[in-house]
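Quick notes on the structure that follows.
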Amino acid sequence: MAKGFLGDFEELILTIVAADHENAYGAAITIEIERWLERKVTLSAVHVTLYRLEDRGFIKSKVGGVTNERGGRRKRIYSITSAGVSILRTMKETRVELWKMVPQLKLINS
Amino acid sequence: MKSLPIWAERLLRAICPNELFEQIEGDLIEIYNYDVKTVGEKKARLKFIITAVRFFRPGIFLRNKFSLNTNSVDMIFNYFKIAYRHLVNSKAFSLINVIGLAVGITAFFLIIQYVSFELSYDRFHTNSDNIYRIGLERYKKSELQTSSSKNFAGLKELIHENFPEVDAVTGFYKTPANTGVFFRHNGKIFNELGGELNTDSTFFKVFSGMLVKGDAATALRERHCMVVSESMAKKIFGDEEPMGQHIQMPNDGGGASERIITGIFKDFPLNSHIHANFVVPLESPMKDGDEWKQAFLHTYVSLKEGHRPEAVSSRLNQFYSKMAVKYPELKETKSFLQPLTSIHLSSLMQDEVEVNGSKNLVYVASAIALIILIIAWINYINLETARFATRAREVSVRRIIGSAKSDLALQFLIEYFCVFAVAIALATLLMTFIVPRFSYLTGIPIDSIQWSQPSIWLIAFAVLVVGSVLVGIYPAIFLLRLNPVTTLKGKFGNTSGGRAIRKTLIIVQFSASLILIACVLVMRSQLDFMQTVDKKIDVDNVVTLRNPTAYSSEEVIEKHTAYRTLENKLMENTSIQMVSSSSAIPGTEIGFTYVNLLKRNVNDPYDPTRFKTLFVDYNYIPFYDLKLLAGRNFDPPRPVQNWIDPWNDENWLTLILNESAIRALGFNSPEEAVDKMVEFENFEDHFQKHRIIGVVEDYHHEAVKKEIFPMIFSPNYGSFQQVYYSIRLNPTSSPEQAIGDIRKSWTAAFPDKPFEYSFLNDYYDQQFKSELYTKRIFSVFAGIAVFIGCLGILGMTLFEASARQKEISIRKVLGASAASLIGLLTRDNVRLILLSAVISVPLIYFIVQKWLSSYPMRIDVSPMFFVIPLAILLLLVAFVSSFQTIKAASTNPTDHLKNE
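Protein chains in written order, with the working numbering: chain A, 1186 to 1295; chain B, 351 to 1250.
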């Protein structure tokens, strides 16, 4: 896999981590995906993706607070790193560039 | 909140990396609680389980590996260190364990090597699973009389024409292995023993992988064709191309005098039930009903895939019963297909190509292998558990400090692993020394010890690994069951259970040793008995020669003259007492063995009794000191002008029979049989009246271990049946002198023939070859088993003596004598041995009975077979334990008590 490349699911997770500042952890992300995107996702897939992103340096984690719903277990809270922000931005820009190369769409739509 | 399934949590804990587990679990619970609110508890539970299980994915559990827990690595190193210290600390016990295991493993693998060799017979053929031999059973009033590995010559054609499911069928007969093949090539004379295989081109179709050079279809088509083995081709032609070479066969009876090599076949490996270096064409096929007269061809078929042998044999028997109307020899016979690979071990038939192996022997050997291994394992278990008193404290302290049971188990396994690794290393070393001597023990040359039977080796390794792991785990479990608190208080909890197990195991060891010693004893006595039994025949001081012109095409008169010259020359020497000629000598199989050979009246119905005919001269009976029960010996020879002479002179038509033969003919006593006329078939289909002139006592001609068969002695004056010359040496002259004299006489009679001789008693004793090997294998491995057992006893007494040192010292202080103390220490062992004796006596009796019943001449089961092993074991154990007990009993008690 090329270094700068992110899969679809990885990009999604990374974006959510960036959006949920200081409150991104496995369960929250899973519930969010299910609720907002109406997409079926398993907790383990989210976890694996989080670990992989962390391995690649796009996000970092710290062990955080305890809430009652968690039966006293601590969360691992993820936040995006500057490398993560930069790759998100690159990907977004690439996409915009690509969009610009699609004039036909306008023609058909108009 | 209802509690969540605990197993799901356990699974998670098992698969998740430690540092991630808490957060994963938290997330799971959070989602569960969220789900309870949104979709209800039941669904939420189900989803919880599914989600938890879905964590079982490579992305999660592969993460574990990258985080090696350095602490456990350190612990494992520590375990090795402790194991090393522990082993070195108790050198004697470690040594006993290691040596016992090493010797046990070595013996185990040596025996497995032998077993795998025996089981590999005839599996080298490319299609060995589809090849069958067709045996022949003869019945008399529906009762099985004989079963033979040879079948009728007509069978080949019958199968070829009527059995489409048979791929190829072949038949052959083999001249006996002790007959030579004489020929000349480039002026060099060869006399190769081993016999030749007479067959046709189908042989290499059934055994399709054998032919290396030449064409299977044409290699044996012409009478002058000859196919030789690779090694023989190398011997005769050296590096020259063997194909198309000519060899001259001066004495080839009836065949072509010059032969052309038309093919080369792979040497038959040792694990083949057929061996031959020469394959030549079968003489012209029999016709006009002759092919259903005598069963003399070993017949083999290869079946096409998917056909069952039973179906073929049942159809074959239908043919036989239909044809029996025309051919009386087929009445009350049955053919059966016998798998090629079962011939070596499971065939107990007459007329085998070679002496076969014994399935029982293979079973017994495997059993011994296992017994030896078990005895070695028992030693380990016993010594380890016995010493637990000393280790229980260590284990308890470890557990109180916080060692998990699994960690302790790991520690013990590592200790065991160390012992085992050293034992394996030692066993490997031992193997390299012993394997070269192994061939002496089993008769298998080293280079043929092969890994040909992967399944056997797999089983062997599995037994070794599984057994070893179980043996390693047992002491660990035993120790971990102890309650650390009571142990530290000084009580070892309930160890009486452990002692009971230990005693049981020792009884098993003792019983196995007793049985093995008894078996060796019985085997030795039986073999001695067979070797010294009154075989009613004198084979000592006899040298035998093979007549080089036997079966040759030379005129009978010339042969006769050559023999006369030899006899006269021989008798000039004072070193020679007597000379006799015969068609077979004691210890050789009598080839002239047929059914329906002798009857009292020509019109008597067909009778399946097999008679063996020995053609002898008038010296034979006095020469071998056979006892005439009634009647007289043959007349001295008269000059012969023509080979047909004897058969035209009524005075020559005489026979001498043995006791079994007259019984088979229905005479009640030797006297009754003498001077009676009987019909004897001396040519194909031609019965002639012969007079019984004498009856000799039964004697063991072929082998003592075989039944005595009905025998006919027919005079061979000047006939072609002078195959062997027996020469009785003067016992007062030296054998070297006598052999020199014989050589001189030989050169005078047969100037151009190589001189070869053998001593008859050596030759006769070859029949005991398999028994000799059995005896050696048994003796050595029983010895090893007993040795390992004794090692164990040594270890136990060593331990007992040191453990009870304090008790002994106190007893001594109080006035016990050394003798009573020794008694105290050995009493336990003696009691165990006696108990083992009680257990093993019925077993020994059963085994010995079963084994002896396979011999027609056998010893009786005597009480000695039970008493002697017991005495040997008692003595050995007393000897082994005496050093320690005497030492313990005679030391100064204050040495051991002053430290208290």
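Backbone N, C-alpha and C define an ideal beta-carbon position, used for all residues, glycine too.
Close Cβ partners of residue i (< 6 Å) along its chain, the five nearest in sequence each way excluded
i       : result
A868/B  : I1194, F1215, P1219
Y1114/B : V889, P936, G937
G843/B  : Unreliable positioning characterises G843/B in this predicted model, as indicated by a pLDDT of 47, which lies under 50. A coordinate reading is not provided.
L547/B  : F522, K524, A626, V629
K490/B  : P958
N-terminal and C-terminal residue of the beta strand (DSSP E) that residue i is part of
i       : result
G1037/B : Going by the sequence as given, residue 1037/B is Phe instead of Gly. Unbroken beta strand (DSSP E) run through F1037/B: 1036 to 1046.
V892/B  : 892 to 896
S1010/B : S1010/B -> not in any beta strand (DSSP E); alpha helix (DSSP H) instead, spanning 1009 to 1015.
Y677/B  : Premise fails: Y677/B is in no beta strand (DSSP E) and is neither H nor E.
H574/B  : Element bounds for H574/B: n/a, residue is neither H nor E.
G707/B  : First-last for G707/B: undefined, no H or E at that position.
H596/B  : 596 to 598
I1062/B : 1061 to 1065
V966/B  : 960 to 966
Y1107/B : 1107 to 1109
Beta bridge counterpart(s) of residue i as assigned by DSSP
i       : result
H648/B  : K500/B, F522/B
T549/B  : P631/B
I1077/B : V893/B, V929/B
E542/B  : V531/B
S1264/A : K1245/A
G981/B  : G1044/B
K563/B  : I614/B
V747/B  : V747/B pairs with nothing; no bridge assigned.
G1253/B : Past the edges of chain B, shown from 351 to 1250, lies residue 1253/B, and the structure says nothing about it.
I484/B  : L687/B
Q700/B  : S498/B
M1027/B : R1041/B
T476/B  : For T476/B, which the question treats as bridged, DSSP gives no partner whatsoever.
T1004/B : R1041/B
Y1049/B : Answer by DSSP bridge pairing: none, since Y1049/B is not bridged.
V1251/A : R1259/A
Y489/B  : L494/B
Cβ shell of residue i (< 8 Å), same chain only, five flanking positions each side left out
i       : result
K506/B  : V519, T520, G521, T552, L647, T649
E1121/B : M873, Q876, L877, M880, K1055
S417/B  : Legend: pLDDT at S417/B = 48, less than 50; position of this residue unreliable, no value from coordinates given.
Interface partners of residue i on chain A, CB under 7 Å
i      : result
N383/B : E1254
E372/B : R1258, R1259
Chain-ordered chain B contacts of residue i [CB-CB under 7 Å]
i       : result
A1212/A : D377, E380, I381
Beta-carbon contacts of residue i that lie in its chain and below 7 Å, excluding the five residues immediately before and after
i       : result
P986/B  : Y968
I1198/A : I1214, V1231, T1234, L1235, L1238
S863/B  : A1135, V1136, G1139, L1223
H436/B  : E765
T1176/B : A1228, S1231, T1235
I1143/B : N1179, V1227, V1230, S1231
V1281/A : none
A850/B  : none
Element boundaries [alpha helix (DSSP H), containing residue i]
i       : result
R363/B  : 356 to 365
P1020/B : 1020 to 1023
Y382/B  : 368 to 389
R1181/B : 1168 to 1202
L1224/B : 1214 to 1240
D1091/B : 1085 to 1099
Contacts that residue i makes with chain A (C-beta to C-beta distance below 8 Å)
i      : result
R413/B : Y1236
G656/B : Neighbours of G656/B on chain A: none; closest Cβ ~51 Å, over 8 Å.
Any C-beta of chain C under 9 Å from that of residue i
i      : result
F646/B : Here chain C cannot be found, since the structure's protein chains are A and B.
Listed by chain order, chain A residues near residue i by CB distance under 9 Å
i      : result
G409/B : S1229, A1230, H1232, V1233, T1234, Y1236, R1237
TODO: Output, in sequence order along the chain, the residues in the stretch 1215 to 1234 of chain A whose CB is closer than 9 Å to any CB in chain B.
DONE: T1215, I1216, T1227, L1228, S1229, A1230, V1231, H1232, V1233, T1234
TODO: Could you name the residues of the stretch 1252 to 1272 of chain A whose beta carbon sits closer than 7 Å to any beta carbon of chain B, in the order they occur along the chain?
DONE: E1254, R1255, G1256, R1258, R1259, K1260, R1261
Open item on the list: By the 7 Å beta-carbon criterion, what residues does the stretch 389 to 405 of chain B contribute toward chain A?
Closed with: T401, R404, F405
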